[in-house]
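K.L.:
Encoded as structure tokens, here's the structure I'll be asking about.
Numbering (our numbering), first residue to last: 62 to 229.
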């Protein structure tokens, strides 16, 4: 079984444009860019695009993994909790024949958008190249091993994989 890829909250926050939308919720990281392309121009995408690069776990029930619900005090009907407005795959508050429910799985239950796991804790690691005396401090996920940290460091030094790595 392949190990999941871990992401820091900072990495997720960098994906916050209309052409590159990532969110995290309930400990996982999701790339919702294909969803945004599919529903381009739809007003129901506004809450999702406004939350790009952020954690939206407060939208979800931790036990069920579904969108939180509440009882509407005026009607007594159970409704989805959408604090920033209704979004894609959430039914309208009242019955409507215009709402198409033939979309299959709602996006929050579709694993095709999942890209990895949100790190529970990050730390900063100082990497010193003893040959050149160059130092680089990078943020890494606490769950990552030396090989995964090396992968993160390669963007700063393309030759790093040929070095002997030691830690203190």
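Each residue gets a CB set at the ideal place from its N, CA and C atoms; glycine is no exception.
1) Along the chain, where does the alpha helix (DSSP H) that runs through residue 151 open and close?
2) At which residue ranges does the region 95 to 176 contain complete beta strand (DSSP E) runs of 3 or more residues, listed in the order of the chain?
3) Per DSSP, which one or two residues make a beta bridge with residue 226?
4) Does the count of Cβ pairs from the region 82 to 90 and the region 175 to 189 closer than 8 Å reach three?
5) How would you label residue 76, buried or exposed, when you count the other beta carbons within 10 angstroms and need 16 or more for buried?
6) Would you say the region 99 to 114 touches the region 145 to 153, given that touching needs at least three Cβ pairs under 8 Å?
7) Just to confirm, is the Cβ distance from residue 160 to residue 152 under 7 Å?
8) Just the C-alpha distance for residue 187 and residue 199, rounded to the nearest angstrom, thanks.
9) Say whether the region 89 to 101 touches the region 64 to 81, bearing in mind that this needs 3 or more beta-carbon pairs closer than 8 Å, one atom from each stretch.
10) Secondary structure at residue 93, three-state DSSP: helix, strand or coil?
11) Where do the N-terminal and C-terminal ends of the beta strand (DSSP E) with residue 213 fall, by residue?
12) How far does the alpha helix (DSSP H) with residue 200 in it reach, from first residue to last?
13) Can you give the beta carbon distance from residue 82 to residue 111, rounded, assuming they're within the 8 Å contact cut?
P.N.:
In short, the structure shows the following:
1) Premise fails: residue 151 is in no alpha helix (DSSP H) and is neither H nor E.
2) 130 to 132 and 139 to 141
3) Answer is none; residue 226 lacks a bridge partner.
4) yes
5) buried
6) yes
7) yes
8) 7 Å
9) yes
10) coil
11) Element bounds for residue 213: not the beta strand (DSSP E) but the alpha helix (DSSP H), 207 to 214.
12) No alpha helix (DSSP H) contains residue 200, which is instead part of the beta strand (DSSP E) from 195 to 202.
13) That belief does not hold up - the Cβ atoms of residue 82 and residue 111 are roughly 10 Å apart, past 8 Å.
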